[in-house]
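Participant: Pasting a structure here, questions to come.
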Amino acid sequence: MENSFIRVITEISNLSKTQKNQFDANLRGKWNNYLNELSGFDLNKINGADFDLLRTLIKALTTIPAEEDVLIVKCSFILTSIGKKQKIKLSEQDLKTALEWLINAIRINLCVGLCDILRAIEVLLIGVENDIPEISDYLVSTNRGVLMVLLTNPTKLQDKSLNYENCLPSEILLATVSCLKTLLNSPIKINESELNESMRHIHNLIFTNAAGKFSETNYIILMTCALNICRQICIRNRQICSRFIGENIGAAKAFMMFGLSDMEYSTHPQKVNVSQQTIEPVTFNANKGGKVVRGRKPTSTFKGRKHGNKNIKKTTAEESNFHCSDHEFNAYVTSDSDSTDLSRHKQSVEIKLRINALSLIGVIGRLVDTKSLFGYWHTLFPSDVATPTTVSLLNAAIRDPNARCRMVALQAATIILHGSKPFLSQAEQNDKPHSSYIPFSITLGDMILSMYSSINQALSTEGSLPVLIQVLKCLASLVEATPFNRLNDGLITRIMGLLRRLVYHKDPSIQVNALIVISLIIKHNDITKEISDCIGAPQINGKKPKVQQNVGVDNYAGVEDEEIEDERVPEDDSPVACNESDDVNENSKMSWLLSLVLNNLDVSVADTTRSPPTQTATMVRIESLQMISTVATHFQLIKNCLLQIAEAINNSCESGCFEIRLHAVKCLDVVGYCMNMYFANGTLKKKDDIELCSTFWTLVMPKVVEQIQNCDQVPTLKSICCDSLSNIGCQVFERLEYRKQLSLIALLSGCTFDESLVVQAAAIRALAVYIIFPSLRENVHFVENVTDAVIRALQQDNIDIRIKVSWALANISDALVANTADTNKEIMSDNLLKRLFDVSLICKDNDKVRCNAVRAMGNLLRLITEEHLRIESWRSLASHAIQELNQNIGRRGNAKLSWNACHAIGNMMKNSAIYSSGMKLCWQDDVVKTLCNVVVHNINFKVRINAAASLAIPTNEQFLQTHFSYIWSSLLEALDKSDEITDFNEYQHRDNLTEQLCVTISHYIQNAKADQLVVMEKDVLRFDSTKTNWTRVINRVIPEKATSLITAAMRLQNFLSDVSKPDQRKALSTLTTTFETILN
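With positions in the sequence shown counted from 1, the corresponding number in the working numbering is that position plus 63.
This is the structure in structure tokens:
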């Protein structure tokens, strides 16, 4: 910095030491001269080493009396000039002093320099790095904050008695809004009431100020700042965002396509009303004639956008700070060059306006819950066919010539669509001409079809790779929410036709996102003929098992225009024809989709039409493995290419990339699970299928074992390997060589001592699955070893480990119960059984652990014998376990725990030793009371069903004689209340509940005595709905389940020969009438 600059600052610093009461004309002249000299320096070139001088200068300037309006204006100009290129960083005290000085100047002078002072305030706010409470009080406090006063009336602080020319109200408004925007972008905290008031004033500004009051450029800048303020307030306070949804969407919608061709702006923005309420349409001057919208060609649009893309990076939504300088007001055009510059400037500010409008909608979509926002969808996603002048998010994503605008529009649409499946589930399509009344479900269907039409057009015409990736992400959110089963065929075909080209694209990100969309289509739908045609696979029947699979979608940060060049796609782009038989044709051609993903994983497929790539990107390999997992949920689609899948998994396990190895074993886990579900669905399977699955496991097992035995392997990977081995299945395991069986068990048993708790838990879970296999559950040593491992692991403090191991504990108890039914051979010592009881009783620290523990308790109580109960310690143990089960039945807040406890009590009541009167367990009264209370009053119908099923188990005569009347009355009351639904989610279980109640009542009719008929009649007469419910069940239930009901009716008929008393005959007549529909 020049010596003259230092000299001027030194002189100014000396002047600042003069007392304010000594400020005379002579001193004023000196200040004026030094400020003029200071203005002549190039203040933009101040470097970091000169910041001390800068702070000294600003501190000196604040000593100028606020009444010196001319000097204040010059000081403001100097501050603004310095702050154009860098932040002015001051101490907290110096910053408060400077702001207070400028604000006092506004309040005292009311001078011509109001706009200059506001710009100086904005420059100081840019340098704020910490919260300073006084600043928000100076600027935005209700009724006295300078910015709030100016927003209410920009001319209020203008003194008409001054001789200076006043600032135009439009200039003051623009400077005020820009200053408020900078304040909200700073870390200064503002309380909710002030934010709410600011939002209200900004909405008033947007809705009441017409474009005619401003120059065109200034109006665009003003609205850009206003929308930026709305967005910042929403980010700061979610409640305010939810409170002003209609106003914010109305403001954003008015400008999100501003400046596009055929979109001449002619009306004010206005608030959007919820749902289908009346709103005055925003009119645009548009070309008429119903012309078809012509899509952009990738090559031509790319050339047209390259020039504009240079400015995108410096005009992002987050970095757009508009500093109004003199040339923006009353600028003169002096040459063709000036005209071109102004045109470019106008396009630049229009882009900023559209970005801010679209960003505001995206923030609303992120912060407002879908339930509240869904009422405004009609304005963002119209149900009508889009025209060039349709103002909607997806139309902006198609028509905007700027890639950044299209990107932000698609991001907003993606955010809003995410998680909307429950709200679109009722959508349907109707080809009939619409009548005067259009059902809401049809409107939803039309809205979905319109969205697909726009996205398909974007997929066909988009010329920017980053934007195309965002189109695919938006499509993924829409596919996930679409009820394809309620819409006409053809929609998936059109989507898949576009996606099939993109999965062969040269860019890995495009390939991955296209595969994600295809996986979502397959994952959330049954394989219909349309889907099977699209992926080139035979149609199959049967529902897929539920498999948790998280498909990650990475966010793309960069924005660059690139011309899209597709790789050579197979010439046959049409869907592959398929065999229409129900089962997969053994000789059918492999699906092009499976061929693609296997090819990506370095597996040679004989019928592939694409040459193998030299090097497939890691992200494509990972997504290919996830695609196999998705298709595996329809196991028949992959059954005939299991050997190729085994090769793909083996290849991936050899990869040097940890993520690929991790997803390979995850893929194996899913394939194995789906394979088990395929064999467990009850249908007869071909011998070749079992042989094929055995060969699959034989191929992949060595690689999995290698991963587990690698000491340097990450514990997460080893634990998933153990999980995958748990899915090997009984039929495959029994076919393995005995040597391989022992090797597998030895490997997993060794893992139960692994240093990592995660690996321990996974290995124990796998062994607990194996313990159900007939050949292993009868092996005393194997059962004891697994039990020891479970008891040892349950001593750990880690809750996730305890949840997993407690499931293994329950599985062991299931195996023990299964053994008692198959053989009388003793498989466990009393000591080990007691240890299982003890460890089950201490599993109380978490509801998920309890759920498994109560299941184990029920099984263990079923195993206890009279010999055990004759011993005091065993009797005390059993009483404690029954008490725990009884408490968990009525436990509120966790329905799964309650129904598991009900099931466990039912298991216990299958043990005849429990009913022995000599054992003095004293459990019956409490358990019966709890079960009856649950079956009548519990809000969860599945809990009621399990309670009713447990009450149908006892056959002990003494038990039935003692508790018959109370249970009978409770069952009839429960049947009467089964129609009372407080939670609509329980409606789907109502029929199952009434059916189970009728079955349980039938059980008590079959075990009734003649002297109980009068009591039974009394309760039947209390509830008028009993006969109606019986009739409904008997007419609906399948014949296999009707047996107990028919047996009960026949039992009543047999009573006719056993009853002699008049009151009993009368009661029997009433009961027979109630059940007469069963006899028909």
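Glycine is no exception: its CB is placed at the ideal position from the N, C-alpha and C atoms.
Tell me whether Arg-955 sits in a helix, a strand or coil according to DSSP, three-state version.
Facilitator: Within the sequence shown, the letter at position 892 stands for residue 955. Looking at Arg-955 - three-state DSSP - the assignment turns out to be coil, as it is neither helix nor strand.
Participant: At what residues does the alpha helix (DSSP H) containing Pro-529 begin and finish?
Facilitator: The residue labelled residue 529 in the question sits at position 466 within the sequence shown. Residues 528 to 544.
Participant: For Lys-80, I'd like the list of residues in its chain whose CB is within less than 6 angstroms of its CB, leaving aside the five on either flank, ordered along the chain.
Facilitator: Position 17 of the sequence shown, counted from the start, is the residue given in the question as residue 80. Nothing listed; no residue qualifies.
Participant: Within the same chain, show all residues whose beta-carbon is closer than 7 angstroms to that of Ala-709, passing over the 5 residues directly before and after it, in chain order.
Facilitator: Here residue 709 corresponds to residue number 646 of the sequence shown, with the count starting at 1. For Ala-709, where only same-chain residues beyond five positions count, the Cβ hits under 7 angstroms are Phe-759, Leu-762 and Val-763.
Participant: For a quick check, are the C-beta atoms of Thr-239 and Leu-258 less than 8 angstroms apart?
Facilitator: Translated into positions along the sequence shown, residue 239 becomes position 176. Translated into positions along the sequence shown, residue 258 becomes position 195. Result no, Cβ atoms of Thr-239 and Leu-258 do not sit closer than 8 angstroms.
Participant: Using C-beta distances below 8 angstroms, list every residue in its chain close to Leu-550, excluding the 5 sequence neighbours before and after it, in chain order.
Facilitator: Within the sequence shown, numbered from 1, the residue matching residue 550 stands at position 487. Contacts found: Ala-490, Glu-491, Gln-492, Gly-508, Ile-511 and Leu-512.
Participant: If you scan the segment 733 to 758 from start to end, which runs of the alpha helix (DSSP H) of 4 or more residues do you find wholly inside it?
Facilitator: Runs of the alpha helix (DSSP H) inside the segment 733 to 758: none found.
Participant: Identify the continuous alpha helix (DSSP H) that holds Cys-304 and give its terminal residues.
Facilitator: On the sequence shown, residue 304 is found 241 positions in, with the first residue counted as 1. Run containing Cys-304: 301 to 306, per the alpha helix (DSSP H) assignment.
Participant: With DSSP as the reference, label His-264 as helix, strand or coil.
Facilitator: Here residue 264 refers to the residue found at position 201 when the sequence shown is read from its first residue. Residue state, collapsed to three classes: helix.
Participant: Leaving aside the five residues before and after Asn-909 along the sequence, list all residues of the same chain whose C-beta is less than 8 angstroms from its C-beta, in chain order.
Facilitator: Here the question's residue 909 lines up with position 846 in the sequence shown. Here the set comprises Ile-862, Arg-865 and Ile-866.
Participant: Just the Cα atoms here: how many angstroms apart are Leu-578 and Lys-159?
Facilitator: Walking along the sequence shown from the start, residue 578 turns up at place 515. Walking along the sequence shown from the start, residue 159 turns up at place 96. The straight-line gap from Cα to Cα measures roughly 56 angstroms.
Participant: Thinking C-alpha only, which one of Val-668, Cys-784, Ser-572 and Gln-699 is nearest Val-683?
Facilitator: Locating residue 683 in the sequence shown gives position 620, where the first residue counts as 1. Among Val-668, Cys-784, Ser-572 and Gln-699, the Cα nearest to that of Val-683 is on Ser-572.
Participant: Going along the chain, which residues of its own chain have a beta-carbon closer than 6 angstroms to the beta-carbon of Leu-811, five neighbours each way excluded?
Facilitator: Indexing the sequence shown from 1 puts residue 811 at position 748. Excluding sequence neighbours, Leu-811 sits near Ala-826, Ala-829 and Leu-830.
Participant: Going by DSSP, what residue range makes up the alpha helix (DSSP H) through Met-682?
Facilitator: Counting from 1 along the sequence shown, the entry for residue 682 is found at position 619. Unbroken alpha helix (DSSP H) run through Met-682: 681 to 695.
Participant: If you compare alpha carbons, which of Leu-181, His-481, Ser-658 and Ala-521 is closest to Val-566?
Facilitator: Position 503 of the sequence shown, counting from 1, holds the residue named residue 566. The candidate whose alpha carbon is nearest that of Val-566 is Ser-658.
Participant: Can you give, in chain order, each stretch of the beta strand (DSSP E) that sits fully within the segment 1081 to 1121 and has at least 3 residues?
Facilitator: You should have found no qualifying run.
Participant: Please list, in chain order, all residues of the same chain as Asn-618 whose beta carbon is under 7 angstroms from its beta carbon, the five residues on each side excluded.
Facilitator: Along the sequence shown, read from residue 1 onward, the residue named residue 618 stands at position 555. Annotation note: pLDDT 36 at Asn-618 (below 50); position unreliable, coordinate value reported separately. So the list is empty, once near-sequence residues are dropped.
Participant: Taking just the CA atoms, how far does Phe-816 sit from Val-902?
Facilitator: As a working mapping, residue 902 is identified with position 839 in the sequence shown. As a working mapping, residue 816 is identified with position 753 in the sequence shown. C-alpha separation (whole angstroms): 19 angstroms.
Participant: Is it true that the CB of Met-920 sits closer than 8 angstroms to the CB of Ala-871?
Facilitator: What you label residue 871 is simply residue 808 of the sequence shown in a count that begins at 1. What you label residue 920 is simply residue 857 of the sequence shown in a count that begins at 1. No, the Cβ-Cβ distance between Ala-871 and Met-920 is not below 8 angstroms.
Participant: Determine whether the beta carbon atoms of Leu-430 and Ile-479 lie at a separation below 8 angstroms.
Facilitator: In the sequence shown, the residue the question calls residue 430 occupies position 367. In the sequence shown, the residue the question calls residue 479 occupies position 416. Going by C-beta atoms, Leu-430 is not nearer than 8 angstroms to Ile-479.
Participant: Count the other C-beta atoms from every protein chain shown that fall within 10 angstroms of the C-beta of Thr-453, then say buried if there are 16 or more, exposed otherwise.
Facilitator: To locate residue 453, count along the sequence shown from 1; it is residue 390. Counting Cβ neighbours within 10 Å, Thr-453 comes out buried, since at least 16 surround it.
Participant: Specify, as a first and last residue, the run of the alpha helix (DSSP H) that Val-849 falls within.
Facilitator: Here residue 849 is taken as the residue at index 786 of the sequence shown, counted from 1. It spans 843 to 856 - the alpha helix (DSSP H) in which Val-849 sits, taken as one unbroken run.
Participant: Out of Glu-800, Gln-794 and Pro-765, point me to the one whose CA is closest to Cys-784's CA.
Facilitator: Numbered from its first residue, the sequence shown carries residue 784 at position 721. Ranking Glu-800, Gln-794 and Pro-765 by Cα distance to Cys-784 puts Pro-765 first.
Participant: Does the distance from the C-beta atom of Glu-1170 to that of Lys-484 stay below 8 angstroms?
Facilitator: One cannot answer for residue 1170 here, as it falls past the ends of the chain, which runs 64 to 1143.
Participant: From the beta carbon of Ser-540, is the nearest beta carbon of chain B less than 8 angstroms away?
Facilitator: In the displayed structure, chain B is absent; only one protein chain is listed.
Participant: For Leu-487, tell me which candidate among Phe-503, Gly-275, Ile-265 and Leu-473 has the shortest Cα-Cα distance.
Facilitator: Counting from 1 along the sequence shown, the entry for residue 487 is found at position 424. That would be Phe-503, whose Cα lies nearest to the Cα of Leu-487.
Participant: Between which residues of its own chain and Arg-1128 is the CB-CB distance below 6 angstroms, once the five residues before and five after are set aside?
Facilitator: Counted from its first residue, the sequence shown places residue 1128 at position 1065. Taken in chain order, the residues that qualify are Val-1122.
Participant: Indicate the three-state DSSP secondary structure (helix, strand or coil) for Trp-986 in the structure shown.
Facilitator: Numbered from 1 along the sequence shown, position 923 holds the residue referred to as residue 986. Of the three classes helix, strand and coil, the one that applies to Trp-986 here is coil, per DSSP.
Participant: May I ask which residues mark the beginning and end of the alpha helix (DSSP H) holding His-921?
Facilitator: Position 858 of the sequence shown holds residue 921. First, the residue type needs correcting, since residue 921 is Gly and not His in the sequence shown. First-last of the alpha helix (DSSP H) with Gly-921: 910 to 926.
Participant: Taking the alpha carbon of Leu-142 as the reference point, which residue from Asp-157, Ile-121 and Pro-128 has its own alpha carbon closest?
Facilitator: Reading the sequence shown from its first residue, position 79 is the one you call residue 142. That would be Ile-121, whose Cα lies nearest to the Cα of Leu-142.
Participant: Note down, in chain order, each residue of its chain lying with its Cβ closer than 6 angstroms to the Cβ of Ser-876, except the 5 sequence neighbours on either side.
Facilitator: Here residue 876 is taken as the residue at index 813 of the sequence shown, counted from 1. Result list for Ser-876: Ala-919, Asn-922 and Leu-923, in chain order.
Participant: What's the C-alpha gap between Thr-883 and Lys-586?
Facilitator: The sequence position of residue 883 within the sequence shown is 820, counting from 1. The sequence position of residue 586 within the sequence shown is 523, counting from 1. In a straight line, the C-alpha of Thr-883 is about 41 angstroms away from that of Lys-586.
Participant: Would Ile-283 and Ser-261 qualify as a contact pair, given that the criterion is a beta-carbon distance under 8 angstroms?
Facilitator: Mapped onto the sequence shown, residue 283 falls at position 220. Mapped onto the sequence shown, residue 261 falls at position 198. Not in contact: Ile-283 and Ser-261 (Cβ atoms no closer than 8 angstroms).
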